[in-house]
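Colleague:
So, in structure tokens, the structure goes:
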């Protein structure tokens, strides 16, 4: 496990503990680890930079950024599974309503990923923009719009190159959304919920939903910049972490769980842009988790004092201790870990 603490917008503490692989080699501050869904927050930050540059508008439908209807685009020639099978949306005109804001607030109506649908088809499950349902697929759609959008609007951009520019500016020399061979010398494998070691794979394509490799030293620099608002206009940074959409379910997963009665909903629990926002004993905060079968990550930030904690764990079982560890470092924050994990913390 690796931990970083940010105080007053500056990195105050970075440390790594334990092993990076089954050989017992030590995890260090510069060991490359999975970023998992912390990638989504990095991507949201990148999108908002494009908004500041006038290349994207949060509430302009994605259709207006494209040269042809979304269902008319074929699969990527190099990586056929890089984006969703948008042909599946032919006949459902609701795709024309989808906006960047909906993608960043998980309200597109897509499932988390198209390939987990029983028939492996992409579909919209509810009226876009009306509720929160976690969807990596929604972020991938926005990535598609940026990479295939109209060049005369300033789009047609490589998301990998855009994020690299941020990483370079912040001195994040061991972070990338695709695999780099120089990562191999100091790389973290992981452990699943059965305690079995799992090798770190090599991500061959940029995926805004979760392909980032990073280190605790690097991601601490990003989170410090984010909580300071570095790289964004003040109004845009405020927009990112303000209440955007009420979250109405008891837990984040499954994404299409029934909505709670209004009286049982936590009113401060809302989607921001690429983050979840909340209010607690120390005021307004935002956070994002990251999870796969061998990875457990979390980032929790408080606006007051620009204080954050970031945890990267290469053992998914560490997730069960996140709430206590964050409370030990930051005090009582009100971060909604019960909603995030339910009783599934530490499970694949």
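Numbering (the working numbering), first residue to last: 37 to 384.
From the three backbone atoms N, C-alpha and C, an ideal C-beta is built for every residue, glycine too.
If you compare alpha carbons, which of 177, 85, 207 and 53 is closest to residue 97?
Modeller: Considering only alpha carbons, the answer is 177.
Colleague: I need the DSSP call for residue 320, collapsed to helix, strand or coil.
Modeller: Three-state DSSP puts residue 320 in a strand.
Colleague: With DSSP run on the structure shown, which of helix, strand or coil describes residue 62?
Modeller: Residue 62 falls in the strand class under three-state DSSP.
Colleague: Check residue 307 in the structure and name its three-state DSSP category.
Modeller: Three-state result, residue 307: strand.
Colleague: Return the Cβ separation of residue 53 and residue 328 in integer angstroms, given the expectation that the two are a contact with Cβ distance under 8 Å.
Modeller: Actually they do not touch by this definition, with Cβ atoms about 20 Å apart.
Colleague: Taking 8 Å as the threshold (C-beta atoms), are residue 235 and residue 249 in contact?
Modeller: It is not a contact, given that the beta carbons lie outside the stated cut-off.
Colleague: How far does the alpha helix (DSSP H) with residue 82 in it extend, from its first residue to its last?
Modeller: Counting along the chain, the alpha helix (DSSP H) containing residue 82 begins and ends at 74-88.
Colleague: What's the gap between the Cα of residue 89 and the Cα of residue 82?
Modeller: About 11 Å.
Colleague: Taking the runs of the alpha helix (DSSP H) that are 4 residues or longer, which of them lie wholly in the region 322-369?
Modeller: Counting whole runs of 4 or more residues, the region 322-369 contains the alpha helix (DSSP H) stretches 358-366.
Colleague: Using only the alpha-carbon positions, how far apart do residue 275 and residue 60 sit?
Modeller: Roughly 44 Å separates the two Cα atoms.
Colleague: Hey, residue 280 and residue 238: beta-carbon distance below 8 Å or not?
Modeller: Contact: no.
Colleague: Under 8 Å between C-beta atoms, does residue 247 make it to chain C?
Modeller: The chain inventory of the structure shown lacks chain C, comprising one protein chain alone.
Colleague: Which residue marks the beginning of the alpha helix (DSSP H) containing residue 200, and which one marks its end?
Modeller: Run containing residue 200: 195-206, per the alpha helix (DSSP H) assignment.
Colleague: Which stretch, first to last residue, makes up the alpha helix (DSSP H) that contains residue 179?
Modeller: Note, residue 179: alpha helix (DSSP H), 172-184.
Colleague: Helix, strand or coil, according to DSSP, for residue 43 in the structure here?
Modeller: Strand, per DSSP.
Colleague: For the alpha helix (DSSP H) holding residue 279, just list the boundary residues, first then last.
Modeller: Counting along the chain, residue 279 falls outside any alpha helix (DSSP H), and DSSP gives it neither H nor E.
Colleague: If I measure Cβ to Cβ from residue 131 and keep anything under 6 Å in the same chain, skipping five residues before and after, which residues do I get?
Modeller: Only 106 and 125 meet the Cβ criterion.
Colleague: Measure how close the beta-carbons of residue 347 and residue 358 come, nearest whole angstrom, since I'm counting them as under 8 Å.
Modeller: Indeed they touch by this definition, with Cβ atoms about 6 Å apart.
Colleague: Is it right to say residue 331 is buried, meaning 16 or more other beta carbons lie within 10 angstroms of its own, or is it exposed?
Modeller: Label assigned to residue 331: buried.
Colleague: Comparing C-alpha positions only, which one of 188, 334 and 211 sits nearest to residue 247?
Modeller: Among 188, 334 and 211, the Cα nearest to that of residue 247 is on 211.
Colleague: Are the region 190-208 and the region 37-55 in contact at 8 Å, needing three or more beta carbon pairs?
Modeller: The region 190-208 is not in contact with the region 37-55.
Colleague: Using the DSSP secondary-structure output, state which residues sit across from residue 314 in a beta bridge.
Modeller: Note: residue 314 sits in a beta bridge opposite 321.
Colleague: Less than 8 Å between the beta carbons of residue 283 and residue 50, yes or no?
Modeller: No, they are not a contact pair.
Colleague: Identify which residue in 344, 123 and 85 has its Cα closest to the Cα of residue 272.
Modeller: Per the Cα distances, 85.
Colleague: Just verifying my parser: in three-state terms, what is the DSSP assignment at residue 234?
Modeller: Reduced to three states, the DSSP call for residue 234 is strand.
Colleague: In the DSSP assignment, the alpha helix (DSSP H) including residue 150 goes from what residue to what residue?
Modeller: Neither: residue 150 is in no alpha helix (DSSP H) and is coded neither H nor E.
Colleague: Among 110, 313 and 368, which has the Cα closest to the Cα of residue 168?
Modeller: Residue 168 has its Cα closest to that of 313, out of 110, 313 and 368.
Colleague: Looking only at its chain, what residues have a beta carbon closer than 8 Å to the beta carbon of residue 227, apart from the 5 residues adjacent to it on each side?
Modeller: Contacts found: 233, 234, 330, 350, 351, 352 and 353.
Colleague: Can you give me the start and stop residues for the alpha helix (DSSP H) that residue 94 sits inside?
Modeller: No alpha helix (DSSP H) holds residue 94; DSSP gives it neither H nor E.
Colleague: Report the three-state DSSP secondary structure of residue 212 (helix, strand or coil).
Modeller: Note: residue 212 maps to strand in three-state DSSP.
Colleague: Which word fits residue 240, buried or exposed, when buried means at least 16 other C-beta atoms lie within 10 angstroms of its C-beta?
Modeller: Classification for residue 240: exposed.
Colleague: Can you grab the Cα-Cα spacing for the pair residue 140 / residue 208, in whole Å?
Modeller: Rounded to whole angstroms, residue 140 to residue 208 spans 24 Å at the Cα level.
Colleague: In angstroms, rounded to a whole number, what distance separates the CA positions of residue 258 and residue 45?
Modeller: Rounded to the nearest angstrom, the two C-alpha atoms are 10 Å apart.
Colleague: Restricting to Cα atoms, I'd like to know which of 264, 76, 47 and 75 is closest to residue 65.
Modeller: Nearest option by C-alpha distance: 47.
Colleague: Can you check which of these residues, 317, 194 and 144, is closest to residue 79 by C-alpha distance?
Modeller: Taking only the C-alpha atoms, the option nearest residue 79 is 194.
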